[in-house]
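Contents: one structure, followed by commentary.
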Amino acid sequence: MEYNNQKVLITGGSSGIGLALAKKFIENDNTVIIIGRNLSKLEKVKVENPKIHIFQIDVTDDAEVRMLVDDMDEKFDGIDILVNNAGIMNLIDAGNEENDLQKLL
């Protein structure tokens, strides 16, 4: 299935699967926005792929996510496609009440 002329937001888009998807969406004339925590990685992607829009945010921070939603509305009039790709790997004891399960999810 091909998508054209859509506004696509990809979390965790500065490397790996997220970046590969971003490049594919760009090939099909979509507006692509990637977000990530590492600004230097995001800036490198932007240099190599000038059509990609970058935003540095931490998706585990509710306030930053709310600001991102406002930015997407203001700058892009919303988004059409969300690719929820961000992820981190931490080995934890899920039974330990001190672990922040909200951050995990």
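If you count by the working numbering, then the sequence shown holds residues 16 to 120, one letter each, in order. Note that the Cβ used here is the ideal one computed from N, Cα and C, for glycine as well.
For residue 53 and residue 71, what's the separation of their Cα atoms in angstroms? Rounded to the nearest angstrom, the two C-alpha atoms are 7 angstroms apart.
Backbone secondary structure at residue 50 - three-state DSSP: Strand.
Let's test the definition: count the other Cβ atoms within 10 Å of the Cβ of residue 62 and tell me whether it reaches 16, buried, or not, exposed. Answer is exposed; the Cβ neighbour count stays below 16.
Rounded C-alpha distance that separates residue 48 from residue 69: Inter-residue distance for residue 48 and residue 69 is about 6 angstroms (C-alpha atoms, whole angstroms).
Please report the straight-line C-alpha distance between residue 65 and residue 97, rounded to a whole angstrom. Residue 65 and residue 97 have their C-alpha atoms roughly 20 angstroms apart.
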